[in-house]
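Numbering (the working numbering), first residue to last: 31 to 305.
Just so it is clear, CB atoms sit at the ideal spot from N, CA and C, and this is done for glycine as well.
Source: prediction; values computed, not measured.
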């Protein structure tokens, strides 16, 4: 073995021992190639100054330099205690790979409410999780699966659904944009038929469950005949609509659209203060 190779091996062993010692001092359970395990007691808290506290470099295709585990609580916890306007960072991850992951989080339990990443902000204007594409035209946040929002969803751009289709020019994407309105709108639509100049339409039960009784309903009618008498909506509630012809005659189909306001959102402000 050459002198350089021996020096490299000695440096690697020293680095691994240093990591084990740091974990033991901090009271973290640490497994590193079965070299040892630190006791979860005797915690040590220290403060460093400078641009970097601890630099761990992993080469090759290894998953990481330290494996932390905890049966409950936190396997790893980082806190930024500065209360000034400085741009500090509690955890930072970076990758130069075109397919790498700067931060990888995985919840392996197949039941319950396990979370790969959980973010909380106690500031009224803060962000639990913030994503930025860096101006490169990518995605600040990309979700491969369903997304659930417990609260309002706000977008400064459009909200689309995108579907991949086959065309004569090959595979393309069709993007449909959500309709925007000045109120939290509910809507149901369908086709009905006049009998002796009258039609009573029972609206879906779920429409009444979520639509406010305090706001006016807007009903739009479109007859499917050319020569028809005038149509009018003579009754409208969240559970049914009555349509009648002007002269009380006629048997033909027509389409209808009923729009209301979502219950609990009657007073939603349209013009708001900037955040």
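Quick one: Cα of residue i to Cα of residue j, how far?
i           : j           : result
residue 226 : residue 159 : 60 Å
residue 300 : residue 293 : 16 Å
residue 243 : residue 212 : 18 Å
residue 147 : residue 135 : 6 Å
residue 262 : residue 239 : 25 Å
residue 143 : residue 260 : 56 Å
residue 264 : residue 219 : 18 Å
residue 221 : residue 285 : 4 Å
residue 57  : residue 139 : Interpretation of residue 57 is limited by its pLDDT of 49, a score under 50 that renders its predicted location unreliable; the figure taken from the coordinates is listed afterwards. C-alpha separation (whole angstroms): 25 Å.
residue 232 : residue 122 : 57 Å
residue 268 : residue 282 : 24 Å
residue 303 : residue 137 : 39 Å
residue 280 : residue 230 : 14 Å
residue 306 : residue 247 : Outside the displayed range of the chain (31 to 305) lies residue 306, so it cannot be described from this structure.
residue 209 : residue 266 : 24 Å
residue 170 : residue 235 : 39 Å
residue 155 : residue 277 : 60 Å
residue 291 : residue 241 : 6 Å
residue 183 : residue 107 : 29 Å
residue 214 : residue 224 : 31 Å
residue 174 : residue 149 : 19 Å
residue 295 : residue 217 : 15 Å
residue 168 : residue 297 : 36 Å
residue 273 : residue 228 : 6 Å
What residue range is occupied by the uninterrupted beta strand (DSSP E) comprising residue i?
i           : result
residue 288 : 283 to 291
residue 240 : Where residue 240 is concerned, there is no enclosing beta strand (DSSP E), although the alpha helix (DSSP H) it sits in stretches over 235 to 240.
residue 275 : 270 to 275
residue 204 : 200 to 207
residue 228 : 228 to 232
residue 216 : 215 to 223
Which residues mark the beginning and the end of the alpha helix (DSSP H) in which residue i is found?
i           : result
residue 191 : Where residue 191 is concerned, there is no enclosing alpha helix (DSSP H), although the beta strand (DSSP E) it sits in stretches over 190 to 197.
Which partner residues does residue i have in the DSSP bridge list?
i           : result
residue 252 : 285
residue 345 : Because residue 345 is not part of the residues shown, which for the chain are 31 to 305, the question remains open.
residue 261 : 275
ask   = Between the segment 241 to 261 and the segment 199 to 206, do three or more beta carbon pairs fall short of 8 Å?
value = no
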